[in-house]
Structures are given as structure tokens and as C-alpha cells.
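Down below is the structure, laid out as C-alpha cells.
Residue numbers (UniProt numbering): 1 to 238.
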């Protein structure tokens, strides 16, 4: 009789352990959306190609192409104690990327089941050019080139969170972007998070604005400016 009691306790313990196990690492679109909304400190990672990323992405996402040979080196520069939400087009690359990240010491990595296809089938939005500003941190040169190659005019704002003039410039850019929705995409690029890119581009002073169309630089401005100066320099190239 005692033997059966012991076995019963063991089974109960196993069931309790299973119920309190780790959270499922592959999330449905609804779960993924809720998770990134609830955790403002989490990092949303798009592991598709820069061209795929430029065509539409989940809000707050930063782009690191899993198929790029520099992927492992790139993730070594990330904080492994943060929570990461990873996605791709259908879920295969993100599953591989998440496994790779866990094997390199990342403690909390979740994947989007079905990728952006399932996301859109669930009527969840992707950020498109002209609909919202694109905030890009830790961007690679490859992704940068894909963004400025857009047929829609792209205004790059090189900034840093500690820069006072950069903060005063932001609402001016937001208003300008709203007035030219559909004709202009604004990209705010944090040079603190993209030190390698800033070095490769020779960015040593901020705020710095650069306007591109189809990959060609049309206009640039260094320093804080008012809306009238922005309009005078940029509108003719939209």
C-alpha cells in the first residue's frame, strides 16, 4: 500500500512540474503581439533580408539577417540578458535563429509561429513606408543600403538619445513626415546603437539629416534646423 502511495505522490509531482515548466517558446501571432506590447524593454528581431525588412516589418523591430555571414558576430554585440522576440517570413529562419541565439547564451528568446504571413493572416499590421517612422537600431550597412534604395524619398536622421538638439528636432520631423505621408519615409538612426555603421559612414557630428531617393543622396543638413529650412531643402526632392 505504501508503494502505491509513493508512486501516486511521484506522479503528482511530475504533473506539477510539467504544468510549471518553461513558457512555450514559439508564440502564435496574438501571443507574440501581446508579449511585445507588454514588455517595452524587449527586443523585436527581424531575421529576414534587408529587402524583406524594407517592404514591411513589425513595429519596433530591428533587422539582423540570419543568412548573413556576420549574424553570429552581430548577436555577440547584443545584451544576452534581455528578452528577444524573433520572426521571419514563415517561421523557419526565426526558429533556426532562436536556437542559434540560445546556444550562444541568450536566456530568453521567443519565436513567431508562421512568421509575417501568419501575422498578416491574423489581421495584425506591418509598418509600411509612408505609414510611420522607421526607428532602426543596430542596423547593418547592408540594411542601410536597402533602405536608402527605396523609390520613395527617405530622410535619414542620425541622432543619439543624449543629444539635446536631436530631441528638439524630433517633433519637427514628425510633423514634416505627417504632412508628406506617402511621399516620404523618415528613418531615425541611433548612432549609439549603430557605432560600426556610423564609423563606416564617417558620421562624427549630430544631428545630421540626409535625404535619399533611389539610393542617391539629394540633400543633407548638419545641426538643428527649423521647419521652414527643412521644407526649403527637402520638399523639392520628394
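From the three backbone atoms N, C-alpha and C, an ideal C-beta is built for every residue, glycine too. Just so you know, these numbers come straight off a predicted model, no measurement behind them.
Proximal residues to residue i (C-beta, below 7 Å), its chain only, five neighbours per side dropped
i, result
"residue 238", "153, 180, 183 and 184"
"residue 215", "148 and 149"
"residue 201", "none"
"residue 234", "155, 211 and 219"
"residue 71", "64 and 65"
"residue 106", "80 and 84"
Contact under 8 Å by Cβ, residue i with residue j
i, j, result
"residue 82", "residue 27", "no"
"residue 227", "residue 217", "no"
"residue 205", "residue 111", "no"
"residue 124", "residue 39", "no"
"residue 115", "residue 85", "no"
"residue 191", "residue 173", "no"
Beta bridge counterpart(s) of residue i as assigned by DSSP
i, result
"residue 221", "209"
"residue 181", "184"
"residue 46", "63 and 87"
"residue 158", "189 and 208"
"residue 27", "112"
"residue 57", "127"
"residue 216", "213"
"residue 153", "184"
Contact set for residue i: own chain, Cβ-Cβ below 6 Å, skip 5 residues either direction
i, result
"residue 165", "207 and 224"
"residue 229", "none"
"residue 195", "none"
"residue 119", "29"
8 Å Cβ cutoff, residue i in contact with chain C
i, result
"residue 226", "Included in the structure is just one protein chain, with no chain C present."
Residue i CB to nearest heavy atom of the ligand HEM below 7 Å
i, result
"residue 140", "Absence of the ligand HEM is noted for the structure shown, with no ligands found whatsoever."
Sequence-distant residues of its chain with Cβ nearer than 8 Å to residue i (five each side left out)
i, result
"residue 76", "104"
"residue 231", "176"
"residue 151", "213 and 214"
Supposed contact pair residue j and residue i - C-beta distance, whole angstroms, cut 8 Å
i, j, result
"residue 198", "residue 53", "That belief does not hold up - the Cβ atoms of residue 198 and residue 53 are roughly 19 Å apart, past 8 Å."
"residue 140", "residue 74", "7 Å"
How about the segment 36 to 50 and the segment 59 to 68: do they share at least three Cβ pairs that are nearer than 8 Å? yes
Take every Cβ of the segment 87 to 94, pair it with every Cβ of the segment 159 to 170, and state whether three or more of those distances are shorter than 8 Å. no
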